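Start counting the sequence shown at 133; every next residue gets the next number (our numbering). I have placed the structure first, in the form of structure tokens, so that the comments after it can refer back to it.
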Amino acid sequence: MRPAHDDELARWDALVAANPDGGNSLQTLAWGNFKSRWGWSPRRYVAMIGGREVAVQFLARRIPLIGEIWYAPKGPGITDPSNLPEFIDSIKAAGLPAVFVKIEPEILQSTADIAGLGLVKAPRDLQSKSTIFIDLKPSEEEILASFNQTARRNLRKAEAGGVIIEAVEANPTNLDTMFELMAATEARAHYGLRPKAYFQDYWRSQAEAGQAQLFFARHDGEVLAGLFASFIGRRSWYKDGGSQAHKREYYASYAIQWGVIRWLKSHGAASYDLVGVPNPDQINTGHDRQGLYDFKAKFNPEITEFIGCWDLPLKERQYRLWLKAGERA
Numbered sequence: 133m134r135p136a137h138d139d140e141l142a143r144w145d146a147l148v149a150a151n152p153d154g155g156n157s158l159q160t161l162a163w164g165n166f167k168s169r170w171g172w173s174p175r176r177y178v179a180m181i182g183g184r185e186v187a188v189q190f191l192a193r194r195i196p197l198i199g200e201i202w203y204a205p206k207g208p209g210i211t212d213p214s215n216l217p218e219f220i221d222s223i224k225a226a227g228l229p230a231v232f233v234k235i236e237p238e239i240l241q242s243t244a245d246i247a248g249l250g251l252v253k254a255p256r257d258l259q260s261k262s263t264i265f266i267d268l269k270p271s272e273e274e275i276l277a278s279f280n281q282t283a284r285r286n287l288r289k290a291e292a293g294g295v296i297i298e299a300v301e302a303n304p305t306n307l308d309t310m311f312e313l314m315a316a317t318e319a320r321a322h323y324g325l326r327p328k329a330y331f332q333d334y335w336r337s338q339a340e341a342g343q344a345q346l347f348f349a350r351h352d353g354e355v356l357a358g359l360f361a362s363f364i365g366r367r368s369w370y371k372d373g374g375s376q377a378h379k380r381e382y383y384a385s386y387a388i389q390w391g392v393i394r395w396l397k398s399h400g401a402a403s404y405d406l407v408g409v410p411n412p413d414q415i416n417t418g419h420d421r422q423g424l425y426d427f428k429a430k431f432n433p434e435i436t437e438f439i440g441c442w443d444l445p446l447k448e449r450q451y452r453l454w455l456k457a458g459e460r461a
């Protein structure tokens with residue numbers, strides 16, 4: 133594994149999209165540059181894995197009394213667990229100035245056998261370990277028919293009620309509206325919310341990079357719901373969403389998902405990741421994300437579970453200190 137050359141940095145996002153996993157928006161230049169304004173330093177490397185080059189973006193941060201921690205959000209971009217030993221060897225050979233390297237490749241939980249690789253399960257998963265995908269390759273009619281009866285009925289009610297879905301500019305006014313919608317949802321669900329400046333920074337960054345789109349659902353001119361979707365290559369993600377507490381009878385949250393799906397499909401996306409549901413063994417156990425699953429399952433009930441976050445300790449003493457005090461802080 134080596135630092136990316138200048139010509140590779142110039143076409144970084146294309147390299148990311150060519151990774152075995154099809155690319156991830158958290159591995160893009162826009163995301164790394166955004167995080168550089170929030171305490172992290174992007175480090176972009178190219179590793180030879182499975183006979184092909186894989187682009188990997190790490191986010192580095194120096195922790196007082198511990199040292200540098202390196203995190204590859206949703207990286208490296210591999211899906212075959214047999215490639216992990218080669219990647220781990222490449223990290224060790226690269227001589228990174230890190231106490232540990234945190235990885236979270238989209239390797240299926242059901243296929244993973246990572247015992248004996250020196251990896252330690254991280255205390256918590258930073259990104260969603262489990263998700264739901266919607267296949268956008270079939271026709272619109274086939275996609276709609278794959279939804280459950282409740283979703284199709286609610287979409288018909290939204291259309292009959294006059295709900296309109298719009299792709300809107302990520303300008304200051306619209307970004308303020310989007311955050312207000314998210315804040316209204318957080319007030320009901322109590323899931324926690326980062327500062328407004330944080331969201332608006334990355335919304336602008338990804339939109340300006342041509343890798344995201346903001347959507348509103350309106351009824352009689354009033355914005356009832358908002359959704360921010362990101363995309364790279366042929367993959368796309370439901371990144372953020374929010375809705376008003378009133379006029380629930382118009383089912384704007386259903387309508388906006390269908391409008392986004394149609395828009396993404398027309399712009400070349402082959403899959404739509406709904407992001408963030410409980411793991412399969414947490415369904416119907418009172419998990420705090422059960423409501424998210426209940427909603428998203430109406431579009432597809434099948435959960436895809438990945439291996440989540442794992443740490444590769446490179447400096448054992450400092451890593452033990454991190455687990456004892458740094459992670460908690």
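Glycine included, every Cβ here is placed at the ideal spot set by N, Cα and C. These figures come from a predicted structure and were not determined experimentally.
Closest option to Lys289, judged by alpha-carbon separation, among Ile246, Arg256 and Ala384: Ala384. Bridge pairing for Phe363: Ser368 [DSSP]. In its chain, beyond the 5 residues on either side, Leu249 have a beta carbon closer than 7 Å to the beta carbon of Pro217. For the region 402 to 446, the full-length beta strand (DSSP E) segments reaching 3 residues or more read 403 to 405 and 442 to 445 along the chain. Annotation for Phe232: the continuous beta strand (DSSP E) segment containing it runs Phe232 to Ile235. The Cβ neighbour count for Leu197, taken over all protein chains shown within 10 Å, is under 16; the residue is labelled exposed.
Going by beta carbons, Ser173 and Ile364 fall outside the 8 Å limit. Counting every other CB atom within 10 Å of its CB across the protein chains shown gives Arg449 a total below 16, marking it as exposed. A contact is defined here as three or more CB-CB pairs under 8 Å, and the region 393 to 411 fails this definition with respect to the region 373 to 382. The residue among Ile195, Trp163, Ser168 and Gly207 with its C-alpha nearest the C-alpha of Val178 is Gly207. When DSSP reads this structure, Pro174 sits in a beta bridge with Leu191. Taking 8 Å as the cut-off, the Cβ atoms of Leu455 and Pro255 count as close.
Distance from the CA atom of Gly353 to the CA atom of Gly294, rounded to whole angstroms, is 10 Å.
In the same chain as Thr317, and ignoring 5 residues on each side of it, the C-beta atoms closer than 7 Å to its own belong to Gly374 and Ser375, in chain order.
Looking at the DSSP output, Arg184 sits in a beta bridge with Ile181. Linking Leu141 to Asn432 through their CA atoms gives a straight-line distance of about 37 Å. An exposed status is given to Lys269, since fewer than 16 other beta-carbon atoms sit within 10 Å of its beta-carbon. Secondary-structure assignment with DSSP links Pro135 through a beta bridge to Tyr177. In this structure, the CA atom of Ala361 is about 32 Å from the CA atom of Arg134. Taking every protein chain shown into account, the CB of Glu238 has 16 or more other CB atoms within 10 angstroms, so this residue is buried.
Counting the other CB atoms within 10 Å of its CB gives Pro205 a total of 16 or more, which places it among the buried residues. In this chain, the beta strand (DSSP E) harbouring Glu298 covers Ile296 to Val300. Straight across, the Cα-Cα distance linking Phe348 with Asp420 is about 26 Å. Boundaries of the beta strand (DSSP E) harbouring Gln345: Ala344 to His351, taken from the DSSP string. Taking C-alpha positions only, Ala302 is separated from Ala387 by approximately 20 Å.
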